[in-house]
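Visitor: According to the numbering used here, the sequence shown is numbered sequentially starting from 11. All C-beta atoms, glycine included, are put in the ideal place defined by N, C-alpha and C.
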Amino acid sequence: MVKILCGVDLGGTKISTGLVDEKGNIIKSIKIPTMAEKGPEEVIKRIEQSVYDVLKEAGLKISDLKGVGIGSPGPLDAKRGVVISPPNLPGWDNVPIVDILSHKLGVEVKLENDANAAAIGEHLFGAGRGIDNFVYITVSTGIGGGVIIQGKLYSGENSNAAEIGHHTINFNGPLCNCGNYGCFEAFASGTAIARFAQEGIQNGKDTMIRDLAKDGVVKSEHVFEAAKLGDEFAEELVDNEAFYLGVGISNIMAFYNPKRIAIGGGVSTQWEMLYDKMMETIKKKALKPNAEVCEVVKAELGENVGVLGAAALLL
Ligand SMILES: [Zn+2]
């Protein structure tokens with residue numbers, strides 16, 4: 011019988027666990043709260059339970075599984091199967107999640123950081139199919155990525171390659187979550203869009219963005235919404251976002267010389283608003299030979315990328 015893949019997308023707020031066939035079709039998936047505040051032991055118990063629950067819902071059993079793939083926030087060491095200390099998983103300190111779960115479940119367990127897993131998922135099942143040199147970028151609250159070189163994930167010396175969000179765009183730029191200044195993420199993430207909007211509002215910009223943020227918390231969605239309604243300041247922010255994306259992507263073309271770059275994450279859902287200005291910037295800034303062979307596309311797997319990427323670790 012063909013074995014089923016199980017993918018676990020471990021996040022700071024939710025755990026998504028899905029059963030996937032070898033072609034990347036999701037058979038069944040469930041989502042539960044992570045309850046990260048309860049610490050690693052409880053979270054791992056919840057992962058284990060979610061695997062049994064999704065199997066039960068699908069009428070399958072653990073012996074039907076080829077294994078369980080886990081996409082987790084970093085930093086982690088994929089080779090050793092250890093989650094080191096992700097900022098959004100409090101209390102985790104070098105947790106050997108692969109050993110613990112493979113012992114509990116009795117199947118093969120694989121671990122990769124979530125952005126790398128997503129890159130593998132897009133490479134096997136989505137926008138990177140058949141592309142040997144491929145980069146996946148996720149732009150949401152942060153910016154992450156994964157790099158496929160000659161058909162294989164490039165993970166670096168200790169699983170920290172392709173920290174695309176933390177290459178410096180301008181060393182005099184805004185403070186980044188990593189402690190450095192002016193990273194790509196500090197300019198072009200969804201969080202950055204919201205921060206630029208907030209700064210504008212504080213400086214007295216005439217904009218409807220604040221009115222759209224009904225609870226007072228400005229998010230990137232409000233900026234895109236205002237821009238669609240013709241708000242000039244919001245349009246300027248969207249233009250800036252497209253420009254920063256173009257700058258970062260031009261650098262990525264220079265680093266890795268990919269044939270295709272796929273952009274996923276929440277901000278990529280505004281693709282039509284960003285595409286022209288982003289491509290115009292790439293045309294101006296990227297190295298010509300690199301840009302000529304590279305297409306920039308929207309990622310295909312959407313919200314399922316976490317589960318599909320984690321499942322793809324088993325292939
Ligand atoms: Zn950074």
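Quick check: the segment 150-161 against the segment 187-196, are there 3 or more CB pairs under 8 Å?
Guide: Taking 8 Å as the limit for Cβ pairs, the verdict is that the segment 187-196 does touch the segment 150-161.
Visitor: Please classify Asp-19 as buried or exposed, where buried requires at least 16 other C-beta atoms within 10 Å of its C-beta.
Guide: Counting from one through the sequence shown, the residue named residue 19 turns up at place 9. Asp-19 comes out buried.
Visitor: Can you name the residues that DSSP bridges to Asn-213?
Guide: Residue 213 sits at position 203 when you count from the first residue of the sequence shown. Looking at the DSSP assignment, Asn-213 forms no beta bridge with any residue, so it has no partner.
Visitor: Is His-177 close to ligand 1? I mean its beta-carbon at under 6 Å from any heavy atom of the ligand.
Guide: The sequence position of residue 177 within the sequence shown is 167, counting from 1. The answer is no for His-177.
Visitor: Among Asn-170, Ala-127, Ser-199 and Thr-291, which residue has its Cα nearest to the Cα of Leu-86?
Guide: By one-based count along the sequence shown, residue 86 stands at place 76. When each option's Cα is compared against that of Leu-86, the closest is Asn-170.
Visitor: Using C-beta distances below 7 Å, list every residue in its chain close to Ile-271, excluding the 5 sequence neighbours before and after it, in chain order.
Guide: Taking the first residue of the sequence shown as 1, we reach residue 271 at position 261. Excluding residues within five positions, the ones whose Cβ falls inside 7 Å are Val-145, Ile-147, Ile-259, Ile-262, Cys-304 and Val-306.
Visitor: With a Cβ-Cβ cutoff of 7 Å, do Ala-204 and Val-228 count as a contact?
Guide: Within the sequence shown, the letter at position 194 stands for residue 204. Within the sequence shown, the letter at position 218 stands for residue 228. In this structure, Val-228 lies closer than 7 Å to Ala-204 by Cβ.
Visitor: CB-CB under 7 Å to Gly-49, same chain, minus the five flanking residues each way: which ones, in chain order?
Guide: Here residue 49 is taken as the residue at index 39 of the sequence shown, counted from 1. Correct list, in chain order: Gly-101.
Visitor: What did DSSP end up calling Leu-255 once you bin it into helix, strand or coil?
Guide: On the sequence shown, residue 255 is found 245 positions in, with the first residue counted as 1. In the structure shown, Leu-255 sits in a helix (DSSP, three-state: H, G or I).
Visitor: Tell me whether Cys-304 counts as near ligand 1, meaning its Cβ is closer than 6 Å to at least one heavy atom of that ligand.
Guide: Taking the sequence shown and counting its residues from 1, the one referred to as residue 304 is at position 294. Cys-304: no, Cβ never under 6 Å from ligand 1.
Visitor: In chain order, what are the residue ranges of uninterrupted alpha helix (DSSP H) at least 4 long that sit wholly in the segment 39-93?
Guide: Counting whole runs of 4 or more residues, the segment 39-93 contains the alpha helix (DSSP H) stretches 50-68.
Visitor: If we ignore side chains and look at the alpha-carbon of each, how far apart do Asn-98 and Ala-320 end up?
Guide: On the sequence shown, residue 98 is found 88 positions in, with the first residue counted as 1. On the sequence shown, residue 320 is found 310 positions in, with the first residue counted as 1. So the two alpha carbons sit approximately 19 Å from each other.
Visitor: Are there any heavy atoms of ligand 1 lying less than 6 Å away from the beta-carbon of Asn-190, as far as the coordinates show?
Guide: Working through the sequence shown from its first residue, we reach residue 190 at position 180. At least one heavy atom of ligand 1 is nearer than 6 Å to the Cβ of Asn-190, so yes.
Visitor: Entirely within the segment 126-213 and at least 3 residues each: give me those beta strand (DSSP E) ranges in chain order.
Guide: You should have 144-149 and 153-159.
Visitor: Quick one: give me the first and last residue of the alpha helix (DSSP H) that Glu-305 is part of.
Guide: Locating residue 305 in the sequence shown gives position 295, counting from the first residue. Looking at the DSSP string, Glu-305 is not in any alpha helix (DSSP H); the run it does join, the beta strand (DSSP E), is 305-308.
Visitor: In the DSSP assignment, find the unbroken beta strand (DSSP E) run with Gly-101 in it and report its ends.
Guide: Here residue 101 corresponds to residue number 91 of the sequence shown, with the count starting at 1. Premise fails: Gly-101 is in no beta strand (DSSP E) and is neither H nor E.
Visitor: With a Cβ-Cβ cutoff of 7 Å, do Val-117 and Val-93 count as a contact?
Guide: Within the sequence shown, residue 117 is the residue found at index 107, counting from 1. Within the sequence shown, residue 93 is the residue found at index 83, counting from 1. Taking 7 Å as the Cβ cut-off, Val-117 and Val-93 do not qualify as a contacting pair.
Visitor: Checking the sheet assignment: what are the DSSP bridge partners for Arg-270?
Guide: On the sequence shown, position 260 is the one that residue 270 refers to. Answer is Phe-144 and Glu-305, bridged to Arg-270.
Visitor: Which one or two residues does DSSP pair with Glu-122 in a beta bridge?
Guide: Counting from 1 along the sequence shown, the entry for residue 122 is found at position 112. Per DSSP, Gly-81.
Visitor: For a test of the three-state rule: what should DSSP assign to Ser-26, helix, strand or coil?
Guide: On the sequence shown, position 16 is the one that residue 26 refers to. Looking at Ser-26 - three-state DSSP - the assignment turns out to be strand.
Visitor: Start and end of the alpha helix (DSSP H) containing Gly-319?
Guide: Translated into positions along the sequence shown, residue 319 becomes position 309. That run of the alpha helix (DSSP H) goes 315-322.
Visitor: Is it the case that the Cβ atoms of His-232 and Leu-222 are separated by a distance below 7 Å?
Guide: Your numbering for residue 232 matches position 222 in the sequence shown. Your numbering for residue 222 matches position 212 in the sequence shown. Yes, Cβ-Cβ distance for His-232 and Leu-222 is below 7 Å.
Visitor: Please tell me whether, using a cut-off of 6 Å, the distance from the CB of Glu-246 to the nearest non-hydrogen atom of ligand 1 is below it.
Guide: Counted from its first residue, the sequence shown places residue 246 at position 236. Not so, every heavy atom of ligand 1 lies at least 6 Å from the Cβ.
Visitor: Which residue marks the beginning of the alpha helix (DSSP H) containing Asp-19, and which one marks its end?
Guide: Here residue 19 refers to the residue found at position 9 when the sequence shown is read from its first residue. Not the alpha helix (DSSP H): Asp-19 falls in the beta strand (DSSP E), residues 14-20.
Visitor: Considering only heavy atoms of ligand 1, does any lie closer than 6 Å to the CB of Glu-173?
Guide: In the sequence shown, counting from the first residue as 1, residue 173 sits at position 163. Not under cutoff, so the answer is no.
Visitor: How would you call Ile-72, buried or exposed, if buried means at least 16 neighbouring beta carbons within 10 angstroms?
Guide: As a position in the sequence shown, residue 72 is number 62, starting the count at 1. When all chains shown are included, Ile-72 counts as exposed.
Visitor: With a 10 Å radius around its C-beta and 16 neighbouring C-beta atoms as the bar for buried, classify Phe-103 as buried or exposed.
Guide: Stepping through the sequence shown from its first residue, residue 103 is reached at position 93. According to the sequence as given, residue 103 is Asp; it is not Phe. Per the 10 Å Cβ criterion, exposed.
Visitor: Label Lys-294 either buried or exposed according to how many other C-beta atoms from any shown protein chain fall within 10 Å of its C-beta, with 16 as the threshold for buried.
Guide: For the purposes of this step, residue 294 is taken as residue 284 along the sequence shown, with counting starting at 1. Exposed: under 16 other Cβ atoms inside 10 Å.
Visitor: Flag Cys-193 as yes when its Cβ comes closer than 6 Å to any non-hydrogen atom of ligand 1, and as no otherwise.
Guide: Within the sequence shown, numbered from 1, the residue matching residue 193 stands at position 183. Yes, Cβ of Cys-193 sits closer than 6 Å to a heavy atom of ligand 1.
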